[in-house]
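>
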Amino acid sequence: MHMKCPCGSMQSLNMCCEPFILNKTRPKTAEQLMRSRFTAYSLKKIDYIHQTTQGKALEDFDMTSALYSMNNCQWTSLTILNTLLGMEFDETGFVEFIASYISDGLEYTLHERSEFANIDGHWTYIDGEQYTA
Ligand SMILES: [Zn+2]
């Protein structure tokens with residue numbers, strides 16, 4: 435009996451995002467990285483988030499506030515709305531998604547278009563543009 439992956443793929447965690455988070459293998463697409471980062475947030479794996487962040491997103495990354503939000507938000511669902519490029523041999527990729535979370539008993543959604551770069555075969559998160567509802 436295996437836990438379903440939090441990313442909503444309907445696959446079991448150990449067949450989906452977990453091998454990425456445990457650094458057993460690398461995501462081949464920007465969407466796989468996006469999904470595994472969502473799963474890492476929901477499993478509170480801050481190291482994986484940090485390790486897969488570069489560029490502007492890394493400049494903006496603050497470990498203390500990332501840990502705070504990780505510990506105070508319960509991520510409940512991920513919906514991928516759109517992807518652009520981000521395939522194995524692309525250099526950049528974009529993923530637009532809606533992520534839902536509960537904080538202090540209230541449900542919130544985060545609507546973001548994330549930008550990813552394929553750096554030497556490793557997809558990394560470099561920037562994100564959030565939409566306000
Ligand atoms: Zn997954």
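For the sequence shown, this note's numbering assigns the number 435 to the initial residue and increments by one for each residue that follows. From the three backbone atoms N, C-alpha and C, an ideal C-beta is built for every residue, glycine too.
Just to check my reading of the structure: Thr487 and Tyr559 have Cβ atoms closer than 8 Å, yes? What is that Cβ distance to the nearest angstrom?
Along the sequence shown, read from residue 1 onward, the residue named residue 487 stands at position 53. Along the sequence shown, read from residue 1 onward, the residue named residue 559 stands at position 125. Thr487 to Tyr559, Cβ: 5 Å. Contact.
> Is Gln564 buried or exposed, if buried means 16 or more other CB atoms sit within 10 Å of its CB?
Taking the first residue of the sequence shown as position 1, residue 564 is located at position 130. Result: exposed.
> When you measure from the CB of Arg469 to every non-hydrogen atom of ligand 1, does any distance come out below 7 Å?
For the purposes of this step, residue 469 is taken as residue 35 along the sequence shown, with counting starting at 1. The answer is yes for Arg469.
> Going by Cα to Cα distance, which pick from Gly539, Leu540, Tyr542, Phe528 is closest to Arg469?
Counting from 1 along the sequence shown, the entry for residue 469 is found at position 35. When only C-alpha atoms are compared, the closest one is Phe528.
> Between the stretch 544 to 557 and the stretch 479 to 498, are three or more C-beta pairs nearer than 8 Å?
As far as the Cβ criterion goes, the stretch 544 to 557 touches the stretch 479 to 498, which means the pair count is three or higher.
> I'd like the span of the beta strand (DSSP E) that includes Asp561, first residue to last.
Here the question's residue 561 lines up with position 127 in the sequence shown. Note, Asp561: beta strand (DSSP E), 556 to 565.
> Smallest Cα separation from Thr510: which of Ser499, Thr543, Gly562, Leu456?
Position 76 of the sequence shown, counting from 1, holds the residue named residue 510. Thr510 has its Cα closest to that of Thr543, out of Ser499, Thr543, Gly562, Leu456.
> Between the stretch 475 to 486 and the stretch 514 to 527, can you find at least three pairs of beta-carbon atoms closer than 8 Å?
Flag = no, the stretch 514 to 527 and the stretch 475 to 486 do not touch.
> With DSSP as the reference, identify every bridge partner of His545, one or two as the case may be.
Translated into positions along the sequence shown, residue 545 becomes position 111. BP columns for His545 point to Ile532, Tyr565.
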